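In this note's numbering, the protein residues as written are 11 to 521. Just below is one structure, and these are the notes that go with it.
Okay, here's the thing in structure tokens:
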């Protein structure tokens with residue numbers, strides 16, 4: 011009596027799973043490598059500013075968006091001018107300007123607030139701070155006088171009489187992470203122009219000439235990332251800007267979590283990865299002229315490829331590289347951040363235009379938008395219960411998402427899946443690769459488009475493996491886009507903040 015041999019049938023599946031595991035590990039390693047480079051970049055720039063005694067925190071006021079909420083709080087008119095932001099008092103009552111706090115500021119060690127002002131009438135300036143959302147705000151009503159004409163006001167925050175809303179005395183501000191406002195009082199019809207605000211130190215900071223791989227005032231361990239971190243009771247040798255060394259083997263998410271926790275206590279801390287020396291000199295990105303030059307070469311290449319296209323002739327590897335290069339240049343190249351790279355955005359859009367016209371000329375694989383059968387809509391939803399399970403296991407209460415955000419994300423998911431499945435995978439299927447290899451390459455490229463968000467890259471790899479298989483089974487885009495949007499929005503609403511830091515990618519991941 012003989013039995014069928016099942017082992018050979020299991021070998022391809024085991025090999026596929028092994029490749030997926032290796033890819034997942036590589037994505038986490040890539041995320042950690044990019045994050046360590048970003049932390050070194052931040053530390054190098056910070057040390058350069060400290061050595062030059064330049065402000066670590068300053069606000070250049072040119073547009074209304076440079077203020078909190080993009081407006082003035084009170085009865086005043088706000089307009090942009092060549093000299094800065096011009097605010098005209100309408101009723102003579104105090105109005106407030108909120109200075110955005112992207113990160114905590116250290117007003118104990120940088121207590122001098124310098125303001126570049128111009129006013130056509132004398133007035134008074136007050137200040138308000140609130141260290142945390144749960145703390146009470148404190149104000150100093152008469153911090154400085156506003157003279158007529160141009161002036162630079164320097165206000166020592168340590169010497170002001172700070173009072174709470176109930177009139178009780180407040181301590182001078184230390185670490186402020188929530189609110190810092192200017193309160194201005196001018197006669198009705200008077201105008202004040204504010205050009206710049208900066209925090210400076212009362213005394214210069216002494217730093218060592220170099221930071222080697224062993225230097226540290228504070229060494230963190232991996233346990234600080236899993237629970238509530240309590241800073242050491244011993245005062246660091248340099249309390250203004252202690253050198254903090256992150257733990258060995260920390261993931262990208264844990265490194266950034268610890269960075270944010272340290273900054274809640276020492277906003278000017280110099281934070282370095284484990285066993286990494288600090289490079290000498292100011293860290294710089296690619297100069298704009300080189301960025302634009304590379305983008306120009308890419309655009310010429312796309313135009314040349316488009317001109318050479320003929321019906322029925324497909325160069326799959328060339329077209330995959332041409333379509334993927336633009337988005338990877340923008341996202342994996344860390345060009346999508348608070349100030350996005352115009353060449354990077356141009357390359358991203360050019361890749362989509364090139365892919366769209368290529369698809370319009372000739373489709374390597376036939377596909378459609380709407381599902382024809384119930385199974386076309388159900389199969390792509392398999393990652394949704396996985397996202398729900400992760401949310402239940404490691405998430406929080408669901409937060410409300412704006413309806414416009416939901417619709418925008420649905421459109422974004424549809425665009426992503428059209429680019430990955432219809433454009434990229436459709437061409438990969440003409441390369442002669444096996445179906446499993448096509449699915450792996452497609453999912454890997456999709457994961458790389460979420461660099462350097464390590465946890466998100468791994469989740470996207472696994473989800474796109476399933477969606478690519480679903481698309482091969484039934485090439486219908488809208489069901490997959492709906493499943494993509496539903497899974498992502500569920501994680502954004504209930505999972506972000508711990509296992510998944512955020513859904514941000516590129517340089518925005520580090521915010």
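Cβ coordinates follow ideal geometry from the N, Cα and C atoms, glycine included. This structure is a prediction, so every number in the text was calculated from the model and none was measured.
Buried or exposed (CB count within 10 angstroms, at least 16 for buried), residue i
{"i": "residue 504", "result": "buried"}
{"i": "residue 260", "result": "buried"}
{"i": "residue 524", "result": "It is not possible to answer for residue 524, since the shown part of the chain is limited to 11 through 521."}
{"i": "residue 23", "result": "exposed"}
{"i": "residue 227", "result": "buried"}
{"i": "residue 137", "result": "buried"}
{"i": "residue 463", "result": "buried"}
{"i": "residue 376", "result": "exposed"}
{"i": "residue 224", "result": "exposed"}
{"i": "residue 407", "result": "exposed"}
{"i": "residue 240", "result": "exposed"}
{"i": "residue 395", "result": "exposed"}
{"i": "residue 178", "result": "exposed"}
{"i": "residue 515", "result": "buried"}
{"i": "residue 19", "result": "exposed"}
{"i": "residue 213", "result": "exposed"}
Residue i and residue j closer than 8 angstroms at C-beta
{"i": "residue 94", "j": "residue 203", "result": "yes"}
{"i": "residue 222", "j": "residue 289", "result": "no"}
{"i": "residue 447", "j": "residue 474", "result": "no"}
{"i": "residue 497", "j": "residue 393", "result": "yes"}
{"i": "residue 380", "j": "residue 427", "result": "no"}
{"i": "residue 439", "j": "residue 489", "result": "no"}
{"i": "residue 128", "j": "residue 164", "result": "no"}
{"i": "residue 267", "j": "residue 256", "result": "no"}
{"i": "residue 73", "j": "residue 126", "result": "no"}
{"i": "residue 437", "j": "residue 298", "result": "no"}
{"i": "residue 279", "j": "residue 247", "result": "no"}
{"i": "residue 175", "j": "residue 147", "result": "yes"}
{"i": "residue 513", "j": "residue 411", "result": "no"}
{"i": "residue 167", "j": "residue 117", "result": "yes"}
{"i": "residue 482", "j": "residue 445", "result": "yes"}
Rounded separation between residue i and residue j - CA only
{"i": "residue 518", "j": "residue 511", "result": "11 angstroms"}
{"i": "residue 385", "j": "residue 184", "result": "59 angstroms"}
{"i": "residue 115", "j": "residue 187", "result": "6 angstroms"}
{"i": "residue 135", "j": "residue 141", "result": "20 angstroms"}
{"i": "residue 455", "j": "residue 343", "result": "14 angstroms"}
{"i": "residue 59", "j": "residue 211", "result": "12 angstroms"}
{"i": "residue 91", "j": "residue 145", "result": "35 angstroms"}
{"i": "residue 11", "j": "residue 460", "result": "A caution first: residue 11 carries a pLDDT of 47, below 50, which makes its placement in the model unreliable, though a value can still be read off. Computed Cα separation, rounded: 54 angstroms."}
{"i": "residue 68", "j": "residue 207", "result": "6 angstroms"}
{"i": "residue 33", "j": "residue 331", "result": "20 angstroms"}
{"i": "residue 409", "j": "residue 470", "result": "22 angstroms"}
{"i": "residue 99", "j": "residue 130", "result": "11 angstroms"}
{"i": "residue 229", "j": "residue 368", "result": "54 angstroms"}
{"i": "residue 418", "j": "residue 441", "result": "34 angstroms"}
{"i": "residue 272", "j": "residue 231", "result": "13 angstroms"}
{"i": "residue 87", "j": "residue 201", "result": "9 angstroms"}
{"i": "residue 121", "j": "residue 218", "result": "23 angstroms"}
{"i": "residue 25", "j": "residue 49", "result": "36 angstroms"}
{"i": "residue 27", "j": "residue 399", "result": "21 angstroms"}
{"i": "residue 196", "j": "residue 132", "result": "7 angstroms"}
Host beta strand (DSSP E) of residue i (start-end)
{"i": "residue 172", "result": "Where residue 172 is concerned, there is no enclosing beta strand (DSSP E), given that its DSSP letter is neither H nor E."}
{"i": "residue 203", "result": "201-210"}
{"i": "residue 149", "result": "148-156"}
{"i": "residue 330", "result": "Segment 326-341 is the alpha helix (DSSP H) holding residue 330; no beta strand (DSSP E) there."}
{"i": "residue 118", "result": "Premise fails: residue 118 is in no beta strand (DSSP E) and is neither H nor E."}
{"i": "residue 195", "result": "189-195"}
{"i": "residue 76", "result": "That residue, residue 76, is in no beta strand (DSSP E); it is neither H nor E in DSSP."}
{"i": "residue 109", "result": "Taken as a continuous stretch (DSSP letters only), residue 109 belongs to no beta strand (DSSP E), as it is neither H nor E."}
{"i": "residue 166", "result": "159-166"}
{"i": "residue 254", "result": "253-255"}
Residue i - containing alpha helix (DSSP H), residue span
{"i": "residue 444", "result": "Element bounds for residue 444: n/a, residue is neither H nor E."}
{"i": "residue 301", "result": "298-318"}
{"i": "residue 477", "result": "464-483"}
{"i": "residue 413", "result": "413-427"}
{"i": "residue 358", "result": "352-371"}
{"i": "residue 386", "result": "384-388"}
{"i": "residue 501", "result": "487-504"}
{"i": "residue 263", "result": "262-273"}
{"i": "residue 401", "result": "393-404"}
Residue i CB to nearest heavy atom of the ligand ATP below 7 angstroms
{"i": "residue 429", "result": "Here there are no bound small molecules, and the ligand ATP is not part of this structure."}
Three or more C-beta pairs closer than 8 angstroms, one from the region 270-286 and one from the region 305-315: is that the case here?
-> no
* Asked: Just checking, does the region 424-443 make contact with the region 397-411 on the three C-beta pairs under 8 angstroms criterion?
  -> no
- Item | Stretch pair the region 446-459 + the region 348-362: three plus CB contacts closer than 8 angstroms | no
*Validate contact between the region 94-108 and the region 74-85 using beta carbons, cut 8 angstroms, 3 pairs*: yes
Query raised in the report: Is the region 33-44 touching the region 249-265 in the sense that three or more CB pairs, one from each, lie closer than 8 angstroms?
Result: yes
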